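Enquirer: Protein chains in written order, with my numbering: chain A, 1 to 118; chain B, 1001 to 1118. One structure, as structure tokens, below. Some questions next.
There are 2 protein chains.
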Amino acid sequence: MAKAFECCETHHHHPAAEVVKNRMLSDDEFFGVADLFKMFGDSTRLKILYALQREELCVCDIADLIGMTQSAVSHQLRVLKGSRLVKYRRAGKTVFYSLADDHVQTILSQGIEHIEEL
Amino acid sequence: MAKAFECCETHHHHPAAEVVKNRMLSDDEFFGVADLFKMFGDSTRLKILYALQREELCVCDIADLIGMTQSAVSHQLRVLKGSRLVKYRRAGKTVFYSLADDHVQTILSQGIEHIEEL
DNA sequence: CACTCATATGAACAAGTGTTCATATGATAA
DNA sequence: TTATCATATGAACACTTGTTCATATGAGTG
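What follows is the structure in structure tokens.
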């Protein structure tokens, strides 16, 4: 066994710290999870995802629904698409967006639930 | 019944849009949820929360564990405390932080789970 | 083809955020 | 008291992010 874990090199610490250290995820994993949550960390994106919970909607509808510019919505949809949180379907001039999978809705509900309880 | 919902004032839209419109949350609710997720949207905060999953840790331990400055960690703990995601307990010179409630861990796990599946 | 409509995108700007460095606070020990 | 240790905090800075405005793309229509 290596010597006990220290941080400031001046005192010993909770033995728990060493245990936790071995269970930490990789940096990449943390960055990945952070990026995921970042998507839910903006009210505009949140409104878009919430609006798409029931069924697919076109960009124009979404924009009106959440009271934002078509441009702003399109920019955000691009970001959401990049994070694979939404998918789209083209129908003529119109593009319909929808949630990519059930996980998205689960995370969303979890957040809302947490807030409602406070 | 009011007239059908329109956005660009030039064409009619999915009737679904109108239904969804009536189910939207208030702006304040969306901002609240966004602020919550924002806390999970930074890898440093994520590492802190993850480290606290098992037991309370002092600032010094956390800093070493995630390889960050004591100052940086302290600043983030302040933010996390402000969002009521962590609580603290003082013991002499040392301050021990821990997760505020089970909800925090649930959201955290949900995010990690989503990433692992991709 | 030209024209319209729905959507996408690029550049610019303002606002927000996380880290660093220096320093302050507050508790303990000598 | 003074010294030391753990933590907190303020200011400055670089970096990121979301919106706006103008314009481009691309599909449909006449």
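Note that beta-carbon positions come from the ideal geometry of N, C-alpha and C, so glycine has one too. Since the structure is predicted, the reported quantities are computational estimates derived from the model, not experimental observations.
For Ala34(A), which option in Thr1044(B), Ser1026(B) and Val1059(B) has the closest C-alpha, if you only look at C-alpha atoms?
Expert: Position 34 of the first sequence, counting from 1, holds the residue named residue 34(A). Closest by alpha carbon: Thr1044(B).
Enquirer: For the stretch 76 to 104 of chain A, list the beta strand (DSSP E) runs that are entirely contained and at least 3 residues long, ordered along the chain.
Expert: 86 to 91 and 94 to 99
Enquirer: For Met1024(B), which residues in chain A fall below 8 Å Cβ to Cβ?
Expert: On the second sequence, residue 1024(B) is found 24 positions in, with the first residue counted as 1. Correct list: Lys47, Tyr50, Ala51, Leu65 and Ile66.
Enquirer: In the DSSP assignment, find the unbroken alpha helix (DSSP H) run with Arg23(A) in it and report its ends.
Expert: Residue numbering aside, residue 23(A) sits at position 23 when the first sequence is read from its first letter. Counting along the chain, the unbroken alpha helix (DSSP H) around Arg23(A) starts and ends at Pro15 to Arg23.
Enquirer: In chain B, which residues lie less than 9 Å from Arg89(A) when you measure between Cβ atoms?
Expert: Start at 1 with the first residue of the first sequence, and residue 89(A) comes out as number 89. Result: empty, since nearest Cβ-Cβ is about 13 Å, beyond 9 Å.
Enquirer: So that I know if they touch, is there some Cβ in chain B lying closer than 8 Å to that of Gln110(A)?
Expert: Counting from one through the first sequence, the residue named residue 110(A) turns up at place 110. Yes - at least one Cβ of chain B is within 8 Å of the one on Gln110(A).
Enquirer: Pairs of beta-carbons, one from the stretch 21 to 37 of chain A and one from the stretch 1096 to 1105 of chain B, closer than 8 Å: are there three or more?
Expert: no
Enquirer: Tell whether a beta-carbon distance below 8 Å holds between Ile1115(B) and Gly32(A).
Expert: The sequence position of residue 1115(B) within the second sequence is 115, counting from 1. The sequence position of residue 32(A) within the first sequence is 32, counting from 1. Cβ atoms of Ile1115(B) and Gly32(A): closer than 8 Å.
Enquirer: Can you give me the C-alpha to C-alpha distance between Lys87(A) and Asn1022(B), rounded to a whole angstrom?
Expert: Within the first sequence, numbered from 1, the residue matching residue 87(A) stands at position 87. Within the second sequence, numbered from 1, the residue matching residue 1022(B) stands at position 22. Computed Cα separation, rounded: 24 Å.
Enquirer: Which residues, taken in chain order from the stretch 1090 to 1108 of chain B, show a beta carbon closer than 7 Å to some beta carbon of chain A?
Expert: His1103, Thr1106 and Ile1107
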